[in-house]
Every structure is written in C-alpha cells, then in structure tokens.
Amino acid sequence: MDAKDVTEVAAHCAAFLDGVVEADWAAVVPGMGWTVAATAAHVSDCLLWYATDLAAGPVELSTAEVAVRPGSPPGELVRTLETFASVLASVVAAVPSGSLGWHPWGLADAAGFAAMACDEMLVHTHDVGRGLAVAFEPPSRYAEKVVARLFPDAPTGHDPVDTLLWANGRVPLAGLPRREGWRWRCAPLDS
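Just so you know, the sequence shown maps onto residues 44 to 234 in the numbering used here.
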C-alpha cells in the first residue's frame, strides 16, 4: 500500500464522518467502551504516531507525548484525521525504499505503515458508525488491500469487508468465531 491509499481512504472516511458531525459523539461504541469522539481521536493519534515512527527509523522514539483531544468539536476531529493522514502520506512517499520504522508489533516498511493507517481509518470509522447507529461500509478494494498486506493468513473467498472486520476482531466470519487477540503482520511481506 502507498501514500495514495492513505489519502484516498482518509477522504472516504472523512466524508462519512463529516456527514455525522451533528450526531452525539459522546455515544459509546458498542463493545469498545470508547466514545465516538475518543475513537476518532485514536485514529488521528495513530496516523501521527505512524508518520513519526516511520520517519524516526527502526529505533523507538519515545521522547514526546502527542495526543488528540477527544473533547474537540467533531468537525475539528475530522479535520485532524485528514491533516494527519496527509502528514503520514507525505512521509510514506518521502522515505527511501527499504526504510523501516519502529512499531510495537515489529519493524514495518512504508507499505506496512500505510496499510496500518488504512486499517485504523476503515475499521474505526466502521466503529464510529456502530456507535452512532449509522452504517459505514469500507470500500471493498481497500479492505482487500489491507487484508492482503496485514493479514496474509486470513481466509480467502469471503467478502473483503467481512474479512477485514473479522481480521480486526469485530465480527465472526462464515463459521469462524470472532477473533480475540489478533495482530497485524506489519513487517515487510518478503521478510
């Protein structure tokens, strides 16, 4: 995955979120214990962390505490998501080929960080929709790309969106129970 994927997914998710800014963002997302606002803030936190981690390289950079304020107005949370996605996309596009950045689940390349960002945006925008009782359908082509990059051992032959949500522990999948304790494969696929 690449910078274009990050910006396109961000635009798709932001369009949905912009459409629900008048809803109650203090609502709790079922099964998560987070409010809609906290969920949206978390996504933006991740986008900025990923940009920083990729730019900093393979050794953890833990000198700063950066956190999006979930009490910000919903429209500003959406703008933050778009802005931080743009920052990450710029870093993904700028790092030299083969660059690796630190992540708690292993060193990731630019494609891995782009995929993790798209996963965060798609799945948590889906969570926001659940919290607001408004359906959000991640685009199939991005769901398929995220699953291929981050969950290469996921079962095939299912709807890509269902597989993405299953891989992230959100739903059962055609006879498979809802996943617990899932993890991404953020390392380069050829390693």
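C-beta atoms are modelled at their ideal positions from N, C-alpha and C, and glycine is treated no differently.
Below 8 Å, how does it come out for the stretch 202-212 and the stretch 181-192: are there three or more Cβ pairs, yes or no? yes
Below 8 Å CB to CB, which residues in the same chain sit around Thr-82 once its five sequence neighbours on both sides are set aside? Val-72, Met-75, His-167, Asp-170, Val-171, Gly-174
Between Leu-131 and the rest of its own chain, which residues show a CB-CB distance below 6 Å, the 5 nearest in sequence each way excluded? Val-49, Leu-90, Tyr-93, Ala-94, Ala-160
Cut-off 8 Å between Cβ atoms - residues of its own chain near Leu-120, not counting five sequence neighbours on either side: Leu-60, Trp-68, Ala-80, Ala-83, Ala-84, Ser-87, Val-111, Pro-113
Alpha-carbon to alpha-carbon, Ala-158 and Met-44: 6 Å
Nearest to Ala-54 (by Cα), restricted to the options Thr-126, Ser-234, Leu-207: Thr-126
Residue range of the alpha helix (DSSP H) that includes Ser-129: 117-137
Pop quiz: Ala-210 and Ala-197 are said to be a contact at Cβ under 8 Å. What is the actual Cβ separation, rounded to whole angstroms? 5 Å
Report the residue from Lys-47, Cys-56, Pro-139, Glu-51 whose alpha carbon sits nearest the alpha carbon of Leu-165. Cys-56
In chain order, what residues of the same chain lie with their CB nearer than 8 Å to the CB of Pro-101, ignoring the 5 residues before and after it? Leu-143, Gly-144, Trp-145, Leu-150
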